[in-house]
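Here's the structure we're looking at; comments come further down.
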Amino acid sequence: MLFTSYAFVGFLALTLLAYYLVPGRCQWPLLLAASYVFYWAASPWYLLFILVTTASAYGVSLKLAALSGEQRAYLAAHGDLTREEKRAFRAGIKKRKWAWLLGCLALNIGILAVTKYTNFVIRSLNALTGGGLRPVDMIVPMGISFYTFQTVGYVIDVYRDRQPAQRNFFKLALFVSFFPQLVQGPISRYGQLSETLFTPHRFQEKTFSFGLMRVLWGYFKKVVLADRLLPAVTALTGDAAYTGAYVLAAMLFYAFELYCDFTGGIDITIGIGEAMGIRMPENFDLPYFSKNIREYWNRWHITMGTWFTDYIFYPISVCRPMLRLSKWSREHLGQAVGKRVTVYLSSFAVWLATGIWHGAAWNFVAWGLTNWAVIMISQELEPLYERFHRRFALRGKAPYEAFQVVRTVLLMSAIRMFDCYRDVPLTIAMLGSMFTRFDPRIFTDGSLLDLGLDGADLLVLGLGLAVALAVSLFKRKKGSVRQALYEKPAAVFYGTMAALLVCTVVFGAYGAGYDAAQFIYNRF
Amino acid sequence: MKGRRWPAALLAAVCALGALYLAQRLLVPKYQTGVVEGSMVAEYYRETVDHDLVFIGDCEVYENFSPITLWETYGISSYIRGSAQQLTWQSYYLLEDTLRHETPRAVVYNVQALQFSQPQSEAYNRMTIDGMRWGPAKVRCILASMTEGEHFIEYLFPLLRYHDRWGELTGDDVEHLFSKDPVTHAGYYMRVDVKAQTGFPEPRMLADYTLGEKPMDYLGRMADLCREKGVELILIKAPIEYPHWYDEWDRQAAAFAAERGLTYLNLIPLREEIGLDMSTDTYDAGLHLNTGGAEKLAAWFGGWLLERTDLPDRRGEAAYDAAWREKTDYYNAMKERQYAELAQYGELVSFGANAVER
Amino acid sequence: MDELLKILESLHPDVDFTTREALVDDRVLKSFDIVAIVSEIYEAFGVAVPPEEIVPENFNSAKALYALIERLEDE
Numbered sequence: 001m002l003f004t005s006y007a008f009v010g011f012l013a014l015t016l017l018a019y020y021l022v023p024g025r026c027q028w029p030l031l032l033a034a035s036y037v038f039y040w041a042a043s044p045w046y047l048l049f050i051l052v053t054t055a056s057a058y059g060v061s062l063k064l065a066a067l068s069g070e071q072r073a074y075l076a077a078h079g080d081l082t083r084e085e086k087r088a089f090r091a092g093i094k095k096r097k098w099a100w101l102l103g104c105l106a107l108n109i110g111i112l113a114v115t116k117y118t119n120f121v122i123r124s125l126n127a128l129t130g131g132g133l134r135p136v137d138m139i140v141p142m143g144i145s146f147y148t149f150q151t152v153g154y155v156i157d158v159y160r161d162r163q164p165a166q167r168n169f170f171k172l173a174l175f176v177s178f179f180p181q182l183v184q185g186p187i188s189r190y191g192q193l194s195e196t197l198f199t200p201h202r203f204q205e206k207t208f209s210f211g212l213m214r215v216l217w218g219y220f221k222k223v224v225l226a227d228r229l230l231p232a233v234t235a236l237t238g239d240a241a242y243t244g245a246y247v248l249a250a251m252l253f254y255a256f257e258l259y260c261d262f263t264g265g266i267d268i269t270i271g272i273g274e275a276m277g278i279r280m281p282e283n284f285d286l287p288y289f290s291k292n293i294r295e296y297w298n299r300w301h302i303t304m305g306t307w308f309t310d311y312i313f314y315p316i317s318v319c320r321p322m323l324r325l326s327k328w329s330r331e332h333l334g335q336a337v338g339k340r341v342t343v344y345l346s347s348f349a350v351w352l353a354t355g356i357w358h359g360a361a362w363n364f365v366a367w368g369l370t371n372w373a374v375i376m377i378s379q380e381l382e383p384l385y386e387r388f389h390r391r392f393a394l395r396g397k398a399p400y401e402a403f404q405v406v407r408t409v410l411l412m413s414a415i416r417m418f419d420c421y422r423d424v425p426l427t428i429a430m431l432g433s434m435f436t437r438f439d440p441r442i443f444t445d446g447s448l449l450d451l452g453l454d455g456a457d458l459l460v461l462g463l464g465l466a467v468a469l470a471v472s473l474f475k476r477k478k479g480s481v482r483q484a485l486y487e488k489p490a491a492v493f494y495g496t497m498a499a500l501l502v503c504t505v506v507f508g509a510y511g512a513g514y515d516a517a518q519f520i521y522n523r524f
Numbered sequence: 001m002k003g004r005r006w007p008a009a010l011l012a013a014v015c016a017l018g019a020l021y022l023a024q025r026l027l028v029p030k031y032q033t034g035v036v037e038g039s040m041v042a043e044y045y046r047e048t049v050d051h052d053l054v055f056i057g058d059c060e061v062y063e064n065f066s067p068i069t070l071w072e073t074y075g076i077s078s079y080i081r082g083s084a085q086q087l088t089w090q091s092y093y094l095l096e097d098t099l100r101h102e103t104p105r106a107v108v109y110n111v112q113a114l115q116f117s118q119p120q121s122e123a124y125n126r127m128t129i130d131g132m133r134w135g136p137a138k139v140r141c142i143l144a145s146m147t148e149g150e151h152f153i154e155y156l157f158p159l160l161r162y163h164d165r166w167g168e169l170t171g172d173d174v175e176h177l178f179s180k181d182p183v184t185h186a187g188y189y190m191r192v193d194v195k196a197q198t199g200f201p202e203p204r205m206l207a208d209y210t211l212g213e214k215p216m217d218y219l220g221r222m223a224d225l226c227r228e229k230g231v232e233l234i235l236i237k238a239p240i241e242y243p244h245w246y247d248e249w250d251r252q253a254a255a256f257a258a259e260r261g262l263t264y265l266n267l268i269p270l271r272e273e274i275g276l277d278m279s280t281d282t283y284d285a286g287l288h289l290n291t292g293g294a295e296k297l298a299a300w301f302g303g304w305l306l307e308r309t310d311l312p313d314r315r316g317e318a319a320y321d322a323a324w325r326e327k328t329d330y331y332n333a334m335k336e337r338q339y340a341e342l343a344q345y346g347e348l349v350s351f352g353a354n355a356v357e358r
Numbered sequence: 001m002d003e004l005l006k007i008l009e010s011l012h013p014d015v016d017f018t019t020r021e022a023l024v025d026d027r028v029l030k031s032f033d034i035v036a037i038v039s040e041i042y043e044a045f046g047v048a049v050p051p052e053e054i055v056p057e058n059f060n061s062a063k064a065l066y067a068l069i070e071r072l073e074d075e
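Chains as they are written, first to last, in my numbering: chain A, 1 to 524; chain B, 1 to 358; chain C, 1 to 75.
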């Protein structure tokens with residue numbers, strides 16, 4: 001069930017209705033049942049995968065908690081131990097905990113790696129050796145990257161004693177499988193999601209209508225904007241003849257398509273949670289208003305970024321071998337290198353992992369490492385920027401900020417083309433063509449109308465994107481749009497909701513009538 | 001605060017539903033000009049008198065028989081329940097639907113669609129089914145007809161299917177928001193223009209000449225339903241050579257009729273007897289008859305029918321006279337308009353494909 | 001404590017670390033800074049801050065950070 005299928009809309013309506021009809025203590029079991037139905041509808045086989053992940057996380061986290069308890073009890077009972085004896089005991093427990101954690105990680109990351117990356121490895125080996133290994137027909141369970149990360153995060157939190165283990169298997173099963181976020185995140189932390197996931201919620205007009213409004217807004221962005229842009233993106237990136245200024249058009253179209261698609265989906269997810277009184281972490285914070293690429297990555301797919309920081313970046317960068325390497329480099333290679341080595345290596349690992357996580361292909365690796373390189377370069381240029389700013393007092397001035405925002409959007413869009421063309425040399429060639437064959441006339445002479453979008457489509461897109469931009473600007477300056485509407489008479493709030501619904505149904509790009517995508521595929 | 005918010009929510013919900021309803025009325029195709037076939041199935045429900053004879057089938061009935069001629073010549077009150085590429089199961093459900101409204105003495109089914117075992121196209125499905133009144137027959141018809149990628153809910157709320165037409169709305173969509181003009185004459189689609197038949201490509205060899213299980217099953221159900229209601233079912237094959245009607249198919253249709261004690265009449269060999277001249281009696285090179293041809297065929301077929309079936313002459317019954325006078329007037333007026341266009345432009349401009357392209 | 005302040009000030013000379021109480025929450029210290037601080041601490045105090053201790057509560061102020069170092073030295 002895709003979010004945009006009739007089946008999902010019906011499933012959601014029934015789930016919401018049932019959610020508020022059953023007694024409060026039955027709400028979370030209902031959600032567990034709904035989540036399993038949702039996952040089962042995608043494929044009964046997937047349930048097996050998610051059950052293995054849930055069971056291993058459940059068992060290992062209980063074991064970890066038990067070991068921590070053992071340590072606490074032992075130290076409390078033996079107050080007369082010397083510091084060295086305490087240390088030795090702690091080290092012993094830690095070793096055992098580490099073994100359990102490692103087993104759990106190996107199993108779950110192993111499943112993820114095998115299902116998602118086997119064919120990538122086979123294809124890469126073939127390319128390298130000229131061998132003829134045949135790719136295997138592999139089940140890739142829906143959302144496996146998301147739920148694996150979420151579950152692994154939970155187990156590590158228990159390992160780090162930052163999270164008591166959940167003793168109710170079914171509650172943990174719901175945390176792993178909660179259906180709104182199963183397919184595309186956000187990646188919740190157990191500590192945060194569990195605050196509202198299992199508690200009973202009475203129907204409240206405000207939370208329910210806020211949630212519903214956000215769901216509608218998500219559908220609007222997804223169905224009216226993203227899916228309507230899609231044919232043009234497919235056309236532009238599917239044909240290497242679209243060079244020069246078309247590459248710029250592709251960058252911008254894809255930037256908006258991806259933004260509307262991803263944030264729209266997340267709005268639907270978080271909105272569903274809100275309508276049920278469940279709080280999920282935000283995943284976006286107006287990313288296209290970022291002034292530099294690091295800021296962008298703090299505002300785009302936030303839960304993925306913080307996950308990588310907490311569970312990969314820090315553990316690598318503060319592990320003892322890394323600390324020793326840093327010390328050694330300072331002594332032998334000088335302060336300048338020594339200071340950088342940790343950050344460079346750890347963030348390299350993080351961006352490599354981020355790239356591979358996005359997709360099992362070399363173009364994603366290239367995409368991840370380009371992000372890393374750009375971040376490192378801008379980090380190195382920081383002192384230069386400082387001098388520039390001390391000289392010309394531009395910082396904080398509106399035109400300069402606008403320049404920074406546009407620069408960041410263009411830079412990110414250019415890097416993203418790796419993921420569009422799906423071919424590293426082609427991407428580089430296409431980006432290069434922007435500088436050799438740029439013909440700006442295509443933006444005015446109607447060439448854009450040959451991409452599968454007619455004038456009416458462009459009008460809807462223009463108006464829709466203008467509304468989305470207005471909402472973003474309001475959010476940046478004044479905060480929640482829903483809150484502002486809520487403070488107006490109720491008719492304004494609900495009228496907006498009704499208008500959003502009607503616009504989405506009428507202007508959405510869905511259903512049999514919309515065959516523009518097919519038209520594009522037919523043409524090539 | 002909370003207590004006073006629900007009326008606004010309710011009002012907004014009502015407004016949204018109202019707007020969606022209006023949008024649906026506006027965006028669903030009206031089939032008033034050019035492609036009028038989508039209007040045919042619904043037009044039946046405007047009938048004010050009962051029919052003693054009902055034709056069921058695809059374009060081979062609604063373009064080839066003129067009910068006006070049957071009325072004028074024999075006083076037979078008839079109706080054609082046909083639509084474009086109407087598949088056998090759709091014909092069955094339309095028969096079920098018709099028999100809920102009235103019980104004719106005879107039903108004529110044209111067997112051409114027996115060759116199709118699968119739904120052919122989403123667009124034709126919609127043109128046939130959308131016009132049906134809601135009821136068990138429509139529900140089952142939809143379930144039997146859906147092609148891959150179609151959803152039942154899009155029949156329930158056609159807006160979901162047609163919402164994207166806002167870019168191609170025409171005057172028809174506004175003018176016929178709430179009312180439609182009749183486009184047929186008791187289900188007959190009129191064309192007076194002439195384009196002679198010159199020949200058809202050689203028929204292809206088929207791997208298997210067996211008529212499909214699904215259409216034969218529904219044909220059987222048609223026969224059962226007619227027997228149950230005391231209606232005589234007559235099977236025909238219209239006198240059209242293309243798409244080719246294979247002898248193997250003909251024998252299977254005849255065998256079915258013999259088994260069920262029904263009459264089956266293949267009209268193709270009878271063209272000379274009927275008086276059809278395919279150089280003047282067709283408007284599209286022999287695929288369909290024009291009005292001249294349809295009148296000839298109706299005159300002959302009515303005579304043949306009366307020799308073996310008891311169909312009353314309704315002329316002189318006030319309700320029938322009034323209803324059929326209205327139809328006849330409309331028929332003659334449209335004929336005149338079409339002849340006038342032919343005389344002026346050499347072709348029809350506000351009917352058929354030209355009306356769409358214009 | 002003075003040594004810790006010196007480490008912090010070398011990263012952000014414009015920030016007064018003796019008074020700020022929400023260094024992480026206010027995004028004064030970002031992940032790259034934290035990594036730098038941890039490796040400086042390792043050098044200066046011989047204490048390795050394990051990843052589970054890298055939480056905002058421990059890095060929000062110089063005082064909290066110093067308390068962390070003392071606790072880790074003790075363990």
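Cβ atoms here follow ideal geometry from the backbone N, Cα and C, with glycine treated the same way. As the structure is a computational prediction, the values presented were derived from the model and not from experiment.
Using a Cβ-Cβ distance cut-off of 8 Å, determine whether glutamate 257 (chain A) contacts chain B. Along the first sequence, one-based indexing puts residue 257 (chain A) at 257. Taking Cβ atoms only, chain B never reaches closer than 8 Å to glutamate 257 (chain A), which makes this a no.
Cβ atoms of glycine 38 (chain B) and glycine 131 (chain B): under 8 Å apart, would you say? Taking the first residue of the second sequence as 1, we reach residue 131 (chain B) at position 131. Taking the first residue of the second sequence as 1, we reach residue 38 (chain B) at position 38. Yes, the pair counts as a contact, with Cβ atoms nearer than the cut-off.
I need the straight-line Cα distance from phenylalanine 493 (chain A) to serine 179 (chain B), nearest angstrom please. Residue 493 (chain A) sits at position 493 when you count from the first residue of the first sequence. Residue 179 (chain B) sits at position 179 when you count from the first residue of the second sequence. Inter-residue distance for phenylalanine 493 (chain A) and serine 179 (chain B) is about 35 Å (C-alpha atoms, whole angstroms).
Consider the Cβ of isoleucine 153 (chain B): report whether some Cβ of chain D lies at a distance smaller than 8 Å. Considering every chain present, this structure includes no chain D. Its protein chains are A, B and C.
Where in the region 57-118 of chain B do unbroken runs of the alpha helix (DSSP H), each at least 4 residues long, occur, reported from the N-terminal end onward? Complete alpha helix (DSSP H) runs here, min 4: 59-62, 67-74 and 88-101.
Can you check which of these residues, C:Glu73, C:Glu75, C:Val28 and C:Ile69, is closest to leucine 4 (chain C) by C-alpha distance? Stepping through the third sequence from its first residue, residue 4 (chain C) is reached at position 4. Comparing Cα positions, the closest option is C:Ile69.
Check for me: the alpha helix (DSSP H) holding lysine 237 (chain B) runs from which residue to which? For the purposes of this step, residue 237 (chain B) is taken as the residue at position 237 of the second sequence. Looking at the DSSP string, lysine 237 (chain B) is not in any alpha helix (DSSP H); the run it does join, the beta strand (DSSP E), is 232-237.
Buried or exposed (CB count within 10 angstroms, at least 16 for buried), tryptophan 40 (chain A): On the first sequence, residue 40 (chain A) is found 40 positions in, with the first residue counted as 1. For tryptophan 40 (chain A), the number of other beta carbons within 10 angstroms of its own is below 16, and it is reported as exposed.
Pull out every residue of the region 314-338 of chain A whose Cβ sits closer than 7 Å to any Cβ of chain C, in chain order. Tyr314, Pro315, Ser317, Val318, Arg320, Leu323, Ser326 and Lys327
Name the two residues that bound the continuous alpha helix (DSSP H) containing leucine 174 (chain A). Reading the first sequence from its first residue, position 174 is the one you call residue 174 (chain A). Taken as a continuous stretch (DSSP letters only), the alpha helix (DSSP H) holding leucine 174 (chain A) covers 169-177.
Tell me the DSSP secondary structure of threonine 48 (chain B) in three-state form. For the purposes of this step, residue 48 (chain B) is identified with residue 48 of the second sequence, where counting begins at 1. It is coil, neither helix nor strand.
Could one say the Cβ of isoleucine 7 (chain C) lies closer than 8 Å to chain A's Cβ atoms, at least one of them? As a position in the third sequence, residue 7 (chain C) is number 7, starting the count at 1. Chain A contact via Cβ: absent.
Relative to the alpha-carbon of isoleucine 270 (chain A), which residue among A:Leu461, A:Leu212 and A:Pro200 has its alpha-carbon at the smallest distance? As a first step, residue 270 (chain A) must be located in the first sequence, where it is residue number 270. Taking only the C-alpha atoms, the option nearest isoleucine 270 (chain A) is A:Leu212.
If contacts are defined as beta-carbon pairs under 8 Å, then leucine 267 (chain B) and isoleucine 234 (chain B) qualify, I think. What distance do you get, rounded to the angstrom? Counting from 1 along the second sequence, the entry for residue 267 (chain B) is found at position 267. Counting from 1 along the second sequence, the entry for residue 234 (chain B) is found at position 234. Actually they do not touch by this definition, with Cβ atoms about 12 Å apart.
Length of the line joining the Cα atoms of alanine 418 (chain A) and tryptophan 367 (chain A): Counting from one through the first sequence, the residue named residue 418 (chain A) turns up at place 418. Counting from one through the first sequence, the residue named residue 367 (chain A) turns up at place 367. As written in the sequence, residue 418 (chain A) is phenylalanine, which differs from the alanine given in the question. One C-alpha to the other measures close to 6 Å.
May I ask you to report which of helix, strand or coil DSSP gives phenylalanine 220 (chain A)? Taking the first residue of the first sequence as 1, we reach residue 220 (chain A) at position 220. Correct three-state label for phenylalanine 220 (chain A): helix.
Drop a sphere of 10 angstroms on the beta-carbon of glutamine 192 (chain A), count the other beta-carbons inside from all chains shown, and report buried for 16 or more, exposed for fewer. To locate residue 192 (chain A), count along the first sequence from 1; it is residue 192. Exposed, since its Cβ has fewer than 16 Cβ neighbours within 10 Å.
I'd like the list of long-range same chain contacts for leucine 311 (chain B), defined as Cβ closer than 8 Å, with 5 residues on each side in sequence excluded. Position 311 of the second sequence, counted from the start, is the residue given in the question as residue 311 (chain B). The residues are Asp52, Leu53, Tyr74, Ile76, Arg105, Ala106 and Leu305.
May I have a chain-ordered list of the beta strand (DSSP E) segments no shorter than 3 residues that lie completely inside the region 180-264 of chain B? 232-237
Can you name, in chain order, every residue of its own chain whose Cβ lies under 7 Å from the Cβ of leucine 20 (chain B), other than the five neighbours on each side? By 1-based counting over the second sequence, the position of residue 20 (chain B) is 20. Closer than 7 Å at the Cβ level, and outside the excluded window around leucine 20 (chain B), lie Leu159.
Mind listing the chain A neighbours of valine 38 (chain C)? Cutoff is C-beta to C-beta under 7 Å, in chain order. As a first step, residue 38 (chain C) is located in the third sequence; it is residue number 38 there, counting from the start. Simply Val318.
Span separating the alpha-carbon of alanine 232 (chain A) from that of aspartate 454 (chain A): The sequence position of residue 232 (chain A) within the first sequence is 232, counting from 1. The sequence position of residue 454 (chain A) within the first sequence is 454, counting from 1. Each residue's alpha carbon lies about 10 Å from the other.
State the Cα-Cα distance for the pair phenylalanine 178 (chain A) and isoleucine 54 (chain C), rounded to the nearest angstrom. Your numbering for residue 178 (chain A) matches position 178 in the first sequence. Your numbering for residue 54 (chain C) matches position 54 in the third sequence. The C-alpha of isoleucine 54 (chain C) is placed about 28 Å away from the C-alpha of phenylalanine 178 (chain A).
Note down, in chain order, each residue of its chain lying with its Cβ closer than 6 Å to the Cβ of glycine 359 (chain A), except the 5 sequence neighbours on either side. Reading the first sequence from its first residue, position 359 is the one you call residue 359 (chain A). None.
Along the chain, where does the alpha helix (DSSP H) that runs through isoleucine 111 (chain A) open and close? Within the first sequence, residue 111 (chain A) is the residue found at index 111, counting from 1. Taken as a continuous stretch (DSSP letters only), the alpha helix (DSSP H) holding isoleucine 111 (chain A) covers 83-129.
Check whether isoleucine 266 (chain A) and phenylalanine 253 (chain A) have beta carbons under 8 Å apart: The residue you call residue 266 (chain A) lines up with position 266 of the first sequence. The residue you call residue 253 (chain A) lines up with position 253 of the first sequence. For isoleucine 266 (chain A) and phenylalanine 253 (chain A), no; Cβs fall outside 8 Å.
Within 10 angstroms of its Cβ, does glutamate 75 (chain C) collect 16 or more other Cβ (buried), or is it exposed? In the third sequence, residue 75 (chain C) corresponds to position 75, counting from 1. Counting Cβ neighbours within 10 Å, glutamate 75 (chain C) comes out exposed, since fewer than 16 surround it.
Counting contacts by CB-CB distance shorter than 8 Å, is isoleucine 69 (chain C) in contact with chain A? Here residue 69 (chain C) refers to the residue found at position 69 of the third sequence. So no, isoleucine 69 (chain C) is outside the interface.
Are threonine 148 (chain A) and asparagine 108 (chain A) close, meaning C-beta to C-beta below 8 Å? The count along the first sequence starts at 1 and reaches residue 148 (chain A) at position 148. The count along the first sequence starts at 1 and reaches residue 108 (chain A) at position 108. Yes, they are a contact pair.
List the DSSP bridge partners of threonine 282 (chain B). In the second sequence, the residue the question calls residue 282 (chain B) occupies position 282. According to DSSP, threonine 282 (chain B) bridges with B:Leu289.
Quick check: what's the CA-CA separation for glycine 220 (chain B) versus threonine 48 (chain B)? Your numbering for residue 220 (chain B) matches position 220 in the second sequence. Your numbering for residue 48 (chain B) matches position 48 in the second sequence. Their backbone Cα atoms lie some 30 Å apart in a straight line.
Let me know the secondary structure DSSP gives leucine 572 (chain A) once reduced to three states. The displayed coordinates of chain A run from 1 to 524. Any statement about residue 572 (chain A) would go beyond what the structure contains.
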